[in-house]
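A.B. asks: At the far end of the sequence shown sits residue 264, using this note's numbering, and the numbering has no gaps.
Backbone N, C-alpha and C define an ideal beta-carbon position, used for all residues, glycine too.
Got a structure for you, written out below as structure tokens; questions coming shortly.
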Amino acid sequence: MRPKEKLEESILLAREMGFEVVAASPLQIVLNDGPEFDNFLRSLKNEDVDVVILTSSTGVEALVRMASRKGEDAGTLLSSTCRIAIGPLTAKAMISRGIGVDSIPDEYSSEGLVRQMAGDLAYKRVFLLRSSHGERILFDGLVEAGADVTEIALYELVPDLQSPEVRYLVEESMAGRVDAFAFSSSLSAATFIEAAEKIAPREKVIEMLNTRLVGAMGGPTRKRLEQMGVRVEAVPVNATFRDLLEKMENKAH
């Protein structure tokens, strides 16, 4: 279960690693081009931004597209700020779009960024650019360390329970023909379970997942699954899809 723009590359990666893949995009991306984003652009132009943190390649694309709609170049706008990418894939997306990268945490996760960088960001004006369903640990950790944090939701993640791909994935899963589940976000996990409830009671869905190998791409996703009663066996240190698949591959053997 991956965002639509990452689905094809994720399928190719999983197949290269020897997995037989059933894939779907349970979430639609809707750009959040409103007053909040306009205020962010104004703050940049007024040099009222010390640090910008980007947490996904999807966020990078959303930032570039919305800035372009306003006649602005994202790379130029951010050039006078400290630009932090949560991991190498986000950094790669930034560089490809002309946005410089000043820092990446050693551990590619919200928790890793907070542990390594929060102290250095105290008393700085930090803008956290992410989805509308970003995990709270990053925002809360930076605020607790003394940073002045403004969260900008660049895009909304809207569950899509009716797509043919999601229905097929659910049907194959409930028929017992899926051996392992790679959940890349807490919202995609919750959306899958909600979609599966349309053909089976929730307890049956949870029971099915607990007889399979379940992986979560990060601590917040693991926590959400466990809150729903799902046993999670594979969580990588770095929250990347490749690391998640490698962790699951090791568990499977």
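Just curious, the beta strand (DSSP E) that residue 162 is in, first and last residue?
C.D. replies: Here residue 162 refers to the residue found at position 151 when the sequence shown is read from its first residue. First-last of the beta strand (DSSP E) with residue 162: 159–170.
A.B. asks: Expressed to the nearest angstrom, what Euclidean distance is found between the alpha-carbon atoms of residue 212 and residue 134?
C.D. replies: The count along the sequence shown starts at 1 and reaches residue 212 at position 201. The count along the sequence shown starts at 1 and reaches residue 134 at position 123. Whole-angstrom Cα-Cα distance: 49 Å.
A.B. asks: Measuring straight from C-alpha to C-alpha, what distance separates residue 140 and residue 236?
C.D. replies: Walking along the sequence shown from the start, residue 140 turns up at place 129. Walking along the sequence shown from the start, residue 236 turns up at place 225. Approximately 25 Å between the Cα atoms of the pair.
A.B. asks: Quick one: Cα of residue 34 to Cα of residue 194, how far?
C.D. replies: Stepping through the sequence shown from its first residue, residue 34 is reached at position 23. Stepping through the sequence shown from its first residue, residue 194 is reached at position 183. Each residue's alpha carbon lies about 11 Å from the other.
A.B. asks: By the three-class DSSP mapping on this structure, what secondary structure does residue 174 have?
C.D. replies: Position 163 of the sequence shown, counted from the start, is the residue given in the question as residue 174. Residue 174 falls in the coil class under three-state DSSP.
A.B. asks: From which residue to which residue does the beta strand (DSSP E) around residue 252 run?
C.D. replies: Within the sequence shown, the letter at position 241 stands for residue 252. No beta strand (DSSP E) contains residue 252, which is instead part of the alpha helix (DSSP H) from 252–263.
A.B. asks: Which stretch, first to last residue, makes up the alpha helix (DSSP H) that contains residue 30?
C.D. replies: Taking the first residue of the sequence shown as 1, we reach residue 30 at position 19. Looking at the DSSP string, residue 30 is not in any alpha helix (DSSP H), and its letter there is neither H nor E.
A.B. asks: Among the candidates 256, 264 and 143, whose CA atom is the shortest distance from the CA of residue 26?
C.D. replies: As a first step, residue 26 must be located in the sequence shown, where it is residue number 15. Of the listed residues, the one whose Cα sits closest to residue 26 is 256.
A.B. asks: Which partner residues of residue 62 appear in the DSSP bridge assignment?
C.D. replies: Along the sequence shown, read from residue 1 onward, the residue named residue 62 stands at position 51. DSSP lists 93 and 137 as partners of residue 62.
A.B. asks: Can you find the residues in the same chain that come closer than 8 Å, C-beta to C-beta, to residue 127, ignoring five residues on each side of it along the sequence?
C.D. replies: Residue mapping note: residue 127 aligns to position 116 of the sequence shown, counting from 1. Taken in chain order, the residues that qualify are 116, 117 and 118.
A.B. asks: Using beta-carbon positions only, say whether residue 224 and residue 259 come within less than 8 Å of one another.
C.D. replies: Taking the first residue of the sequence shown as 1, we reach residue 224 at position 213. Taking the first residue of the sequence shown as 1, we reach residue 259 at position 248. Result yes, Cβ atoms of residue 224 and residue 259 sit closer than 8 Å.
A.B. asks: Mind checking who residue 226 pairs with in its DSSP beta bridge?
C.D. replies: As a first step, residue 226 is located in the sequence shown; it is residue number 215 there, counting from the start. Beta-bridge pairing links residue 226 to 193 and 245.
A.B. asks: Return the bridge partner residues of residue 40 from the DSSP annotation.
C.D. replies: Indexing the sequence shown from 1 puts residue 40 at position 29. Its beta-bridge partners are 168.
A.B. asks: Could you tell me the distance, in whole angstroms, from the CA atom of residue 121 to the CA atom of residue 229?
C.D. replies: As a first step, residue 121 is located in the sequence shown; it is residue number 110 there, counting from the start. As a first step, residue 229 is located in the sequence shown; it is residue number 218 there, counting from the start. Distance between the alpha carbons of residue 121 and residue 229: 9 Å.
A.B. asks: Rounded to a whole number of angstroms, what is the C-alpha to C-alpha distance between residue 78 and residue 85?
C.D. replies: Position 67 of the sequence shown, counted from the first residue, corresponds to residue 78. Position 74 of the sequence shown, counted from the first residue, corresponds to residue 85. Those two C-alpha atoms are separated by around 6 Å.
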